[in-house]
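Going by this note's numbering, the sequence shown opens with residue 1, and the numbers climb by one from there.
Even for Gly, the Cβ is constructed at its ideal location relative to N, Cα and C.
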Amino acid sequence: TAAGNGLDGLEGDDGTVIKNCTASFNGDNGIQTSEGCSVIHCNSFDNVNDGIDVAAGSVVTGCSATDNGQYGFDIALSCKVSDCSAYDNLSNGFDIASSCIVDSCHAALNNGHGFRTFANATIVNSKAHENDQDGIRISSTDALVEGNTTTDNDWGGVVVTSSGCLILRNRAAGNLTNYVITATSAFGPIVNVTGVGNITAVPFASHPHANFEY
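Printed below as a string of structure tokens:
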């Protein structure tokens, strides 16, 4: 446990493993690592800046970041993040650099976007709920967004502002605008099934790559 330190709570040099730790009320980041590290089953809350901040080539698994003053998770190039939760952070829940994979994560009630990511990144099987901006925001090319659920975010559910992305099999409900996707990206049909009961007869509802509004 690292609590109440003036700078970072826990720091790891290249190749460090940080496991089963808690970082709270620190004056900078809760947990910060250099390249090629693993952060496993850790909790980071009420830190002045990021909850968990990892450098390139790292893996973050089974962690939570809550009530931090900047990002919940600040993830650098070519990282893997899975089974993590970002709640009520003052900026984005997950801020994700290029060529990362995010799988089975949850971002809720963050003051920024739930997930924001850049070129060549992948976000799959994740959930964004009641964030103050977009649930999932893709800001650069060649990203994959598949199998996610976005609900009740104050801006968009899935927002893609760049070309060359692929958006498949997502679900969205209650967002200000459920889908905002540039025409130069590829996406499965967007099918509105709000209040229809049995969706069998809805056009394109059986399409294997349909994105749903409900």
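Secondary structure at Arg169: coil, using DSSP grouped into helix, strand and coil. Burial check for Ile96: the Cβ neighbour count within 10 Å reaches 16 or more, so the residue is buried. Shown here for Arg137: same chain residues with a beta carbon closer than 6 Å to its own, the five before and five after excluded, namely His113, Arg116, Val159 in chain order. Excluding sequence positions up to five before and after Val124, its CB lies within less than 6 Å of the CB of Asp103, Glu146, Gly147, all in the same chain and listed in chain order. In the DSSP assignment, Gly156 falls within the beta strand (DSSP E) that extends over 156-160. Secondary structure within the region 56-85: the beta strand (DSSP E) runs of 3 or more consecutive residues, fully enclosed, are 59-61, 64-66, 73-75, 80-82 (chain order).
Within its own chain, the residues whose Cβ lies closer than 6 Å to the Cβ of Ala186, once the five positions on either side in sequence are excluded, are Leu166, listed in chain order. In chain order, Ser24, Phe25, Asp67 place their CB closer than 6 Å to the CB of Asp46, counting only its own chain and leaving out the 5 sequence neighbours on each side. Counting only residues of its own chain and dropping the five nearest sequence neighbours on each side, Asp152 has a CB closer than 8 Å to the CB of His129, Glu130, Ala173, Gly174, Asn175. Per DSSP, Ile199 is not a residue of any beta strand (DSSP E), being assigned neither H nor E.
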